[in-house]
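Those sequence lines, one after another, are chains A and B. Residue 57 is where the first sequence starts when you use this note's numbering, and the numbers rise one by one after that. Residue 57 is where the second sequence starts when you use this note's numbering, and the numbers rise one by one after that. Reading through the structure tokens given below for one structure.
Number of protein chains: 2
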Amino acid sequence: MRFPKLFERLATLAPLPAEEWVKAEAVAKEQSLAKRELFMRPGDAADRFAVVLQGVFRGVRVSPRGGESIKAFRAEGELIGAYAEMLQRLPSMTAIEALEPSHVLVFQTQDFQQLEQGHVCWERLARRVAEQHFVLKERREQEFLELSAEERLVKFWEEHPHLKGRIPQRDVAAYLGITEVALSRIMSRRRKRAE
Amino acid sequence: MRFPKLFERLATLAPLPAEEWVKAEAVAKEQSLAKRELFMRPGDAADRFAVVLQGVFRGVRVSPRGGESIKAFRAEGELIGAYAEMLQRLPSMTAIEALEPSHVLVFQTQDFQQLEQGHVCWERLARRVAEQHFVLKERREQEFLELSAEERLVKFWEEHPHLKGRIPQRDVAAYLGITEVALSRIMSRRRKRAE
DNA sequence: CCTCCGCCTTAACCCAGGTCAAGCCCAGGT
DNA sequence: ACCTGGGCTTGACCTGGGTTAAGGCGGAGG
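Next comes the structure, spelled out in structure tokens:
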């Protein structure tokens with residue numbers, strides 16, 4: 057087994073026999089990405105995903121009107137990929153970019169479907185993953201519905217302390233749905249209030 | 057089989073043997089709700105869900121600061137329940153209220169888990185449901201990130217034409233994340249622009 | 001060493017949407 | 001027919017965040 061820590065992490069989501077994980081490792085490929093390099097670009101087929109072994113990524117959606125907004129950041133142990141597009145069998149509308157020199161473990165969805173044929177554990181795992189992603193998105197929805205930009209900022213750092221210092225401010229702003237300028241103002245306002 | 061149309065609908069999501077559906081019908085209970093009656097209230101255990109047979113519901117979250125925001129509307133053929141809370145085994149933080157005299161088919165999650173033990177089809181169906189809910193939430197997230205309230209309004213009616221006339225304006229506003237006043241202004245602005 | 005560039009801040013101005021308050025319309029109840 | 005109350009609109013005023021544009025600052029390359 058090449059990635060025992062990853063195996064343990066997945067096994068907490070759903071019962072996962074070690075043999076099955078070994079099969080999965082066999083079809084996965086490691087990939088290294090330089091800072092700023094894209095794991096996926098808009099227009100690509102959404103036919104693969106990866107687990108982050110090392111590094112941080114941002115999922116960027118470039119809107120028709122030019123602006124970029126950020127759907128999520130992903131660090132060690134988390135999944136990257138155009139998940140919604142994969143589920144809908146659409147080409148990716150998302151760019152996934154390394155914010156640091158990174159290292160990931162890539163799966164083709166096709167290979168993953170093979171694994172599903174072989175053992176029910178994968179079906180269950182996929183379910184858990186979908187459910188967890190749902191919970192995260194619903195939490196975010198809630199934040200947009202009832203919190204101000206400032207409150208969202210505070211929550212962001214509470215929930216993602218491990219990203220401190222690893223992502224540029226402008227990306228935090230794009231994640232919160234505001235501009236870099238507004239974020240800067242909010243921070244200076246808080247600084248003043250704090251003294 | 058008591059609900060053949062529902063069976064057909066579910067069968068489009070994942071292969072579902074008719075016998076399994078009959079078993080499910082056996083553990084489900086029909087329930088009628090008056091207008092304004094709650095299917096679930098905040099604090100309730102999130103241990104059941106239902107399919108809407110007739111009527112419309114709104115999922116309301118009452119925030120600590122008193123305001124209510126609306127997570128979703130659900131009409132015929134759709135699921136109601138405190139899904140995120142159920143997945144996290146938390147008590148419901150959501151009120152689910154009938155906006156019309158309604159009729160639903162209720163399942164206890166416990167009974168559903170029994171069904172899952174009996175046949176893999178339910179696992180697969182649960183996965184599809186989770187995935188579809190995820191896609192919907194992500195779409196909504198996108199709308200908050202890149203659209204104005206007015207654009208969100210237009211999209212809302214494009215995506216939910218069947219709700220026309222069945223839900224009060226203030227609820228549409230609470231769904232869009234704005235006040236009833238702002239919604240009214242937006243609508244009058246569009247009316248003027250249209251002549 | 002200086003310059004350039006990427007990232008952040010600050011300031012001036014504008015506008016969407018929030019808040020508060022008054023008023024309208026209409027359906028239901030007496 | 002009259003009240004009443006719920007749901008919607010409108011107006012006046014305020015505020016958070018957008019836009020534009022001008023610096024500031026620190027690190028990489030000449």
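Where a beta carbon is used, it is the ideal one built from N, C-alpha and C, also for glycine.
C-alpha distance - residue 100 of chain A paired with residue 148 of chain A, whole-angstrom precision
On the first sequence, position 44 is the one that residue 100 of chain A refers to. On the first sequence, position 92 is the one that residue 148 of chain A refers to. Roughly 5 Å between the two C-alpha positions.
In chain order, what residues of the same chain lie with their CB nearer than 7 Å to the CB of residue 184 of chain B, ignoring the 5 residues before and after it?
The residue given as residue 184 of chain B occupies position 128 in the second sequence. Excluding positions up to five away in sequence, the list reads 69, 70.
Other residues of its chain near residue 83 of chain A: CB distance less than 6 Å, five sequence neighbours each side excluded
Counting from 1 along the first sequence, the entry for residue 83 of chain A is found at position 27. Cβ-Cβ distances below 6 Å link residue 83 of chain A to 167 in the same chain, with the five nearest sequence neighbours on each side left out; the list follows chain order.
Can you tell me the Cα-Cα spacing of residue 164 of chain B and residue 105 of chain B, whole angstroms?
Reading the second sequence from its first residue, position 108 is the one you call residue 164 of chain B. Reading the second sequence from its first residue, position 49 is the one you call residue 105 of chain B. Going by the C-alpha atoms only, they are around 7 Å apart.
In angstroms with no decimal places, state the Cα-to-Cα distance between residue 155 of chain B and residue 213 of chain A.
For the purposes of this step, residue 155 of chain B is taken as residue 99 along the second sequence, with counting starting at 1. For the purposes of this step, residue 213 of chain A is taken as residue 157 along the first sequence, with counting starting at 1. Rounded to whole angstroms, residue 155 of chain B and residue 213 of chain A show a C-alpha spacing of 38 Å.
Let's test the definition: count the other Cβ atoms within 10 Å of the Cβ of residue 96 of chain A and tell me whether it reaches 16, buried, or not, exposed.
To locate residue 96 of chain A, count along the first sequence from 1; it is residue 40. Its Cβ being crowded by 16 or more others within 10 Å, residue 96 of chain A is buried.
Beta-carbon spacing of residue 232 of chain B, residue 66 of chain B below 8 Å:
Here residue 232 of chain B refers to the residue found at position 176 when the second sequence is read from its first residue. Here residue 66 of chain B refers to the residue found at position 10 when the second sequence is read from its first residue. For residue 232 of chain B and residue 66 of chain B, no; Cβs fall outside 8 Å.
Below 8 Å, how does it come out for the stretch 72-81 of chain A and the stretch 118-137 of chain A: are there three or more Cβ pairs, yes or no?
The stretch 72-81 of chain A makes no contact with the stretch 118-137 of chain A, as fewer than three CB pairs between them are under 8 Å.
Pair within 8 Å by beta-carbon distance, residue 136 of chain A and residue 160 of chain A
Here residue 136 of chain A corresponds to residue number 80 of the first sequence, with the count starting at 1. Here residue 160 of chain A corresponds to residue number 104 of the first sequence, with the count starting at 1. With a cutoff of 8 Å on beta-carbon distance, residue 136 of chain A and residue 160 of chain A are scored as near each other.
Per DSSP, the bridge partner or partners of residue 164 of chain A
By one-based count along the first sequence, residue 164 of chain A stands at place 108. A:104.
Around the Cβ of residue 116 of chain A, are there at least 16 other Cβ atoms within 10 angstroms (buried) or fewer (exposed)?
Numbered from 1 along the first sequence, position 60 holds the residue referred to as residue 116 of chain A. Answer is buried; the Cβ neighbour count reaches 16.
Relative to chain B, which residues along the stretch 178-204 of chain A have a C-beta separation below 7 Å, given in chain order?
Listed in sequence order: 179, 180, 182, 183, 186, 187, 189, 190, 191, 193, 194, 196, 197, 198, 200, 201, 202.
Inspect the beta-carbon positions of residue 262 of chain A and residue 141 of chain A and report whether they are closer than 8 Å.
The shown model of chain A, from 57 to 251, leaves out residue 262 of chain A, and the question about it has no answer.
Is residue 146 of chain B buried or exposed, if buried means 16 or more other CB atoms sit within 10 Å of its CB?
Numbered from 1 along the second sequence, position 90 holds the residue referred to as residue 146 of chain B. By the neighbour-count rule (16 or more Cβ atoms within 10 Å), residue 146 of chain B is not buried but exposed.
Is the separation between the beta-carbon of residue 191 of chain A and that of residue 143 of chain B shorter than 8 Å?
Translated into the one-based positions of the first sequence, residue 191 of chain A becomes position 135. Translated into the one-based positions of the second sequence, residue 143 of chain B becomes position 87. Between residue 191 of chain A and residue 143 of chain B, the C-beta gap is smaller than 8 Å, which places the two residues in contact.
Bridge partner(s) assigned by DSSP for residue 57 of chain B
Walking along the second sequence from the start, residue 57 of chain B turns up at place 1. Bridge partners of residue 57 of chain B: none, in fact.
Give the DSSP-derived three-state secondary structure of residue 144 of chain B in the structure shown.
Translated into the one-based positions of the second sequence, residue 144 of chain B becomes position 88. Correct three-state label for residue 144 of chain B: coil.
What does residue 176 of chain A reach in chain B if we use C-beta pairs closer than 8 Å?
The count along the first sequence starts at 1 and reaches residue 176 of chain A at position 120. Among the residues of chain B, those whose CB is under 8 Å from the CB of residue 176 of chain A are 176, 179, following chain order.
Cβ neighbour criterion (16 or more within 10 Å) applied to residue 228 of chain B
Position 172 of the second sequence, counting from 1, holds the residue named residue 228 of chain B. Here residue 228 of chain B is buried. Its C-beta has 16 or more other C-beta atoms within 10 Å.
Give every residue of the same chain whose Cβ lies closer than 8 Å to the Cβ of residue 235 of chain A, excluding the five residues on either side of it in the sequence, and list them in chain order.
On the first sequence, residue 235 of chain A is found 179 positions in, with the first residue counted as 1. Excluding positions up to five away in sequence, the list reads 229.
Within chain A, partners of residue 143 of chain B - CB distance below 7 Å
Residue 143 of chain B sits at position 87 when you count from the first residue of the second sequence. Taking the beta carbon of residue 143 of chain B as reference, the chain A residues within 7 Å of it are 187, 191, listed in sequence order.
Backbone secondary structure at residue 93 of chain B - three-state DSSP
To locate residue 93 of chain B, count along the second sequence from 1; it is residue 37. Coil at residue 93 of chain B, not helix or strand.
Tell me, please, whether the CB atom of residue 133 of chain A is closer than 8 Å to any CB atom in chain B?
Mapped onto the first sequence, residue 133 of chain A falls at position 77. Taking 8 Å as the threshold, the shortest C-beta distance from residue 133 of chain A to chain B does not fall below it.
Specify the secondary structure class of residue 127 of chain A as computed by DSSP and reduced to three states.
Numbered from its first residue, the first sequence carries residue 127 of chain A at position 71. It is a strand residue.
For my contact list, residue 206 of chain B and residue 242 of chain B are in at a C-beta cut-off of 8 Å; report their separation, rounded to the angstrom.
As a first step, residue 206 of chain B is located in the second sequence; it is residue number 150 there, counting from the start. As a first step, residue 242 of chain B is located in the second sequence; it is residue number 186 there, counting from the start. Residue 206 of chain B to residue 242 of chain B, Cβ: 5 Å. Contact.
Residues near residue 222 of chain B by beta carbon distance below 6 Å, same chain, minus five either side:
Here residue 222 of chain B refers to the residue found at position 166 when the second sequence is read from its first residue. Here the set comprises 112.
With respect to the beta strand (DSSP E) encompassing residue 116 of chain A, which residues constitute its N-terminal and C-terminal limits?
Here residue 116 of chain A corresponds to residue number 60 of the first sequence, with the count starting at 1. If you look at residue 116 of chain A, you'll find it in the beta strand (DSSP E) that goes 113-118.
Three-state class that DSSP yields for residue 204 of chain B in the structure shown:
Taking the second sequence and counting its residues from 1, one reaches residue 204 of chain B at position 148. Residue 204 of chain B: coil per DSSP, three-state reduction.
First and last residue of the uninterrupted alpha helix (DSSP H) at residue 75 of chain B
Along the second sequence, read from residue 1 onward, the residue named residue 75 of chain B stands at position 19. 74-83 is the extent of the alpha helix (DSSP H) around residue 75 of chain B.
Is the distance from the Cβ of residue 177 of chain A to the Cβ of residue 62 of chain A below 8 Å?
The count along the first sequence starts at 1 and reaches residue 177 of chain A at position 121. The count along the first sequence starts at 1 and reaches residue 62 of chain A at position 6. No, they are not a contact pair.
Is the beta carbon of residue 134 of chain B sitting closer than 8 Å to the one on residue 108 of chain B?
Numbered from its first residue, the second sequence carries residue 134 of chain B at position 78. Numbered from its first residue, the second sequence carries residue 108 of chain B at position 52. Yes, Cβ-Cβ distance for residue 134 of chain B and residue 108 of chain B is below 8 Å.
Please list the partners that residue 97 of chain A has in chain B, where partner means a Cβ-to-Cβ separation under 8 Å.
Stepping through the first sequence from its first residue, residue 97 of chain A is reached at position 41. Under the 8 Å cutoff, chain B gives no residues; its nearest Cβ is about 18 Å from residue 97 of chain A.
Here's a check: name, in chain order, each residue in its chain whose Cβ is nearer than 7 Å to the Cβ of residue 75 of chain A, leaving out the five neighbours to either side.
Here the question's residue 75 of chain A lines up with position 19 in the first sequence. When the five nearest sequence neighbours on each side are left out, no beta carbon in the same chain lies closer than 7 Å to the beta carbon of residue 75 of chain A.
CB-CB length for residue 179 of chain B against residue 179 of chain A, believed under 8 Å
Counting from one through the second sequence, the residue named residue 179 of chain B turns up at place 123. Counting from one through the first sequence, the residue named residue 179 of chain A turns up at place 123. Under the criterion of beta carbons closer than 8 Å, residue 179 of chain B and residue 179 of chain A qualify as touching, at roughly 6 Å.
Does the beta carbon of residue 127 of chain B come closer than 8 Å to any beta carbon on chain A?
Working through the second sequence from its first residue, we reach residue 127 of chain B at position 71. So yes, residue 127 of chain B belongs to the interface.
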